[in-house]
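The working numbering puts the sequence shown at residues 344 to 658. Below: the structure, in structure tokens.
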Amino acid sequence: MSFESAKWVWMNGACVRWDEATVHVSAHGLHYGSGVFEGVRCYETEEGPALFRLDAHLERLYYSAEVYGLEIPYTREELSEAVCEVVARNEFRSCYVRPICFYGSRSLGVNPRGCPVEVAVMAWPWGAYLGAGGQDAGVRVTVSPWLKFDSRMMPTTAKACGQYLNSMLAARDAASRGFAEALLLDAEGRIAEGSGENLFVVKDGRVVTNDERHPILLGITRDAVIQLARGLGFEVETRALDLEDLRAAEEVFFTGTAVEVTPVVEVDGALIGEGARGPVTERIQRAFFEATSGRDPRYTHWLRHVAAQPAWSTV
Ligand code: PPE
Numbered sequence: 344m345s346f347e348s349a350k351w352v353w354m355n356g357a358c359v360r361w362d363e364a365t366v367h368v369s370a371h372g373l374h375y376g377s378g379v380f381e382g383v384r385c386y387e388t389e390e391g392p393a394l395f396r397l398d399a400h401l402e403r404l405y406y407s408a409e410v411y412g413l414e415i416p417y418t419r420e421e422l423s424e425a426v427c428e429v430v431a432r433n434e435f436r437s438c439y440v441r442p443i444c445f446y447g448s449r450s451l452g453v454n455p456r457g458c459p460v461e462v463a464v465m466a467w468p469w470g471a472y473l474g475a476g477g478q479d480a481g482v483r484v485t486v487s488p489w490l491k492f493d494s495r496m497m498p499t500t501a502k503a504c505g506q507y508l509n510s511m512l513a514a515r516d517a518a519s520r521g522f523a524e525a526l527l528l529d530a531e532g533r534i535a536e537g538s539g540e541n542l543f544v545v546k547d548g549r550v551v552t553n554d555e556r557h558p559i560l561l562g563i564t565r566d567a568v569i570q571l572a573r574g575l576g577f578e579v580e581t582r583a584l585d586l587e588d589l590r591a592a593e594e595v596f597f598t599g600t601a602v603e604v605t606p607v608v609e610v611d612g613a614l615i616g617e618g619a620r621g622p623v624t625e626r627i628q629r630a631f632f633e634a635t636s637g638r639d640p641r642y643t644h645w646l647r648h649v650a651a652q653p654a655w656s657t658v
């Protein structure tokens, strides 16, 4: 991952140069994590760069903001335009896009009274999230000693900055023990999700994942994969997942914007199936990239194309 090729950031209404996209140290969001964000991928297609499920990501951004009482001073259409502008101005063919809204600088104290809401959209190239080769060879994960917070502690279906401290602790612990990623259990010992991904299990040829009855972020990739798997003729079941499901699984994979569809081949040293990417995961991966690249006409409504000729004025 590298920020070097990113030249422009959209900030509070206009594009500014990367080095000028700064925030004051007194910003409420810095002190308390009081912000919400999204991660969206932009894929190369025959008709130029296209954002995958941008509308769904913006829908979730406004939902997360509402949960935390953040009033975003732009419409969805303005933010869609902002996202397209950032991709076009940076001349990326494919990239990762990060819209973020947070309480800025005015006062401190946990109640963000009077703090302005700041909005920024960054974009940069981001390759394989869990290491090169992870999507083909699969990744090794560990069950985290950190539990996922439950939905009575924090709104698990919202994507808020401060909520990620739980993920960060789990991810750092997993990395320190040589694993690519952490799996977090909930307080009942059921599987919640990865530090930044949803989890799917394949058992008896059926595709199984959990849902909002468990403390997970309802991933947009998760939703896409459910639809793609059904389109391929698989039965998809949503129910609780526990460690026993992992032991009995034929295949396991992660889904997420950053991770896309990545096989999990080992959990704490125990192999899943043969310890390699399985055939169901491979078919779903292929279907996913057919959709993101615009090659599957059934899913082109998931793509928002970025205009080839940027018509935006320079600040
Ligand atoms: N659970 C969590 C906790 C999560 O952070 C993500 C996305 C998902 C599930 C999958 O959601 P979706 O992207 O809508 O399919 N994690 C984002 C952040 C990764 C990061 O390290 O930053 C992402 O994949 O963009």
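Glycine is no exception: its CB is placed at the ideal position from the N, C-alpha and C atoms. Since we're looking at a predicted model, the values are computed, not measured.
**Request:** Since I believe Arg-432 is in contact with Cys-358 (beta carbons under 8 angstroms), could you give me their beta-carbon distance rounded to a whole number of angstroms?
**Result:** Beta-carbon to beta-carbon, Cys-358 and Arg-432 are separated by about 6 angstroms, close enough to satisfy the 8 angstroms threshold.
**Request:** Mark His-371 as exposed unless 16 or more other C-beta atoms lie within 10 angstroms of its C-beta, in which case mark it buried.
**Result:** Buried, since its Cβ has 16 or more Cβ neighbours within 10 Å.
**Request:** Just the C-alpha distance for Met-344 and Trp-469, rounded to the nearest angstrom, thanks.
**Result:** CA-to-CA, the gap between Met-344 and Trp-469 works out to about 5 angstroms.
**Asked** How about Ser-369: is its Cβ closer than 8 angstroms to a heavy atom in the ligand PPE?
**Response** For the ligand PPE, not one heavy atom lies less than 8 angstroms from the Cβ of Ser-369.
**Asked** Which ranges would you report for the beta strand (DSSP E) in the segment 597-636 if only whole runs of at least 3 residues count?
**Response** Within the segment 597-636, the complete beta strand (DSSP E) segments at least 3 residues long are 603-610, listed from N- to C-terminus.
**Prompt:** Is the distance from the Cβ of Ser-423 to the Cβ of Ala-503 below 9 angstroms?
**Reply:** Not closer than 9 angstroms, so no.
**Request:** Go ahead and pull the three-state DSSP assignment for Trp-489.
**Result:** Trp-489 falls in the coil class under three-state DSSP.
**Request:** Work out the CA separation of Asn-454 and Arg-403 for me, nearest whole Å.
**Result:** Approximately 23 angstroms between the Cα atoms of the pair.
**Request:** Note the first and the last residue of the continuous beta strand (DSSP E) segment covering His-648.
**Result:** 646-648 is the span of the beta strand (DSSP E), which, as asked, contains His-648.
**Asked** Below 8 angstroms, can you find three or more Cβ-Cβ pairs linking the segment 621-633 to the segment 533-540?
**Response** Taking 8 angstroms as the limit for Cβ pairs, the verdict is that the segment 533-540 does not touch the segment 621-633.
**Prompt:** Tell me which same chain residues have a C-beta within less than 6 angstroms of the C-beta of Gly-477, skipping the five on either side of it?
**Reply:** In the same chain as Gly-477, and ignoring 5 residues on each side of it, the C-beta atoms closer than 6 angstroms to its own belong to Ala-471 and Thr-605, in chain order.
**Message:** Beta-carbon distances below 5 angstroms to any heavy atom of the ligand ATP define the shell here; list its residues in chain order, please.
**Reply:** Inclusion of the ligand ATP in the displayed structure is not the case, the ligand content consisting of the ligand PPE alone.
**Request:** Could you name the residues of the same chain whose beta carbon sits closer than 8 angstroms to that of Gly-447, not counting the 5 residues immediately before and after it, in chain order?
**Result:** Excluding residues up to 5 positions away in sequence, Val-366, His-367, Ala-370, His-371, Gly-372, Cys-458, Pro-459, Val-460 and Glu-461 lie with their Cβ nearer than 8 angstroms to the Cβ of Gly-447 in the same chain.
**Message:** Taking the straight line between their C-alpha atoms, what separation do you get for Gly-505 and Met-511?
**Reply:** In a straight line, the C-alpha of Gly-505 is about 10 angstroms away from that of Met-511.
**Item:** Contacts around Glu-633, its chain only, beta-carbon distance under 7 angstroms, and the 5 residues preceding and following it disregarded
**Value:** Same-chain partners within the cutoff: Asp-639.
**Request:** Output the boundary residues of the beta strand (DSSP E) element that contains Arg-360.
**Result:** Looking at the DSSP string, the run of the beta strand (DSSP E) that includes Arg-360 is 357-360.
**Asked** Closest by CA to Ala-514, which one among Leu-473, Leu-560, Pro-392 and Gly-412?
**Response** Scanning Leu-473, Leu-560, Pro-392 and Gly-412 for the CA closest to the CA of Ala-514 turns up Leu-473.
**Asked** To the nearest angstrom, how far is it from the Cα of His-648 to the Cα of Ala-530?
**Response** Cα to Cα, the separation comes out at about 42 angstroms.
**Request:** Have a look at Leu-397 and Ile-569 and give me their C-alpha separation to the nearest angstrom.
**Result:** Just so you know, the alpha carbons of Leu-397 and Ile-569 end up roughly 18 angstroms apart.
**Request:** Can you tell me which of the three DSSP states Glu-524 falls into?
**Result:** The DSSP-derived three-state label of Glu-524 is strand.
**Message:** Among Thr-552, Thr-499, Thr-635 and Gly-618, whose alpha-carbon lies nearest the alpha-carbon of Tyr-411?
**Reply:** The shortest C-alpha separation from Tyr-411 is found at Thr-499.
**Asked** Between the C-alpha atoms of Glu-536 and Leu-614, what's the straight-line distance to the nearest angstrom?
**Response** Approximately 19 angstroms, taken between the alpha carbons.
**Request:** Could you tell me if Phe-597 is buried or exposed, where buried requires 16 or more neighbouring beta carbons within 10 angstroms of its beta carbon?
**Result:** Buried: at least 16 other Cβ atoms inside 10 Å.
**Request:** Quick one: using the 10 Å Cβ neighbour count with 16 as the cut-off for buried, is Leu-584 buried or exposed?
**Result:** Buried, because 16 or more other Cβ atoms sit within 10 Å of the Cβ of Leu-584.
**Message:** By the three-class DSSP mapping on this structure, what secondary structure does Val-545 have?
**Reply:** Strand, per DSSP.
**Met-511 - DSSP class collapsed to helix/strand/coil** = Of the three classes helix, strand and coil, the one that applies to Met-511 here is helix, per DSSP.
**Request:** Please confirm whether Gly-481 and Val-610 have their CB atoms less than 9 angstroms apart.
**Result:** Against a cut-off of 9 angstroms, the Cβ pair of Val-610 and Gly-481 comes out as no contact.
**Message:** Could you tell me the alpha carbon to alpha carbon distance between Glu-347 and Asp-547, rounded to whole angstroms?
**Reply:** Cα-Cα distance, rounded: 46 angstroms.
**Item:** Trp-351 - DSSP class collapsed to helix/strand/coil
**Value:** In the three-state reduction of the DSSP assignment, Trp-351 falls in the strand class.
**Asked** Helix, strand or coil: which one does DSSP assign to Gly-372?
**Response** It is helical.
**Request:** Work out the CA separation of Trp-467 and Arg-360 for me, nearest whole Å.
**Result:** Near 13 angstroms, if we compare the C-alpha coordinates of Trp-467 and Arg-360.
**Item:** Which listed residue (Pro-416, Phe-435 and Met-496) has its alpha carbon closest to that of Ala-349
**Value:** Nearest Cα to Ala-349 within the set Pro-416, Phe-435 and Met-496: Phe-435.
**Asked** Do you know offhand how far Val-550's Cα is from His-644's?
**Response** Near 24 angstroms, if we compare the C-alpha coordinates of His-644 and Val-550.
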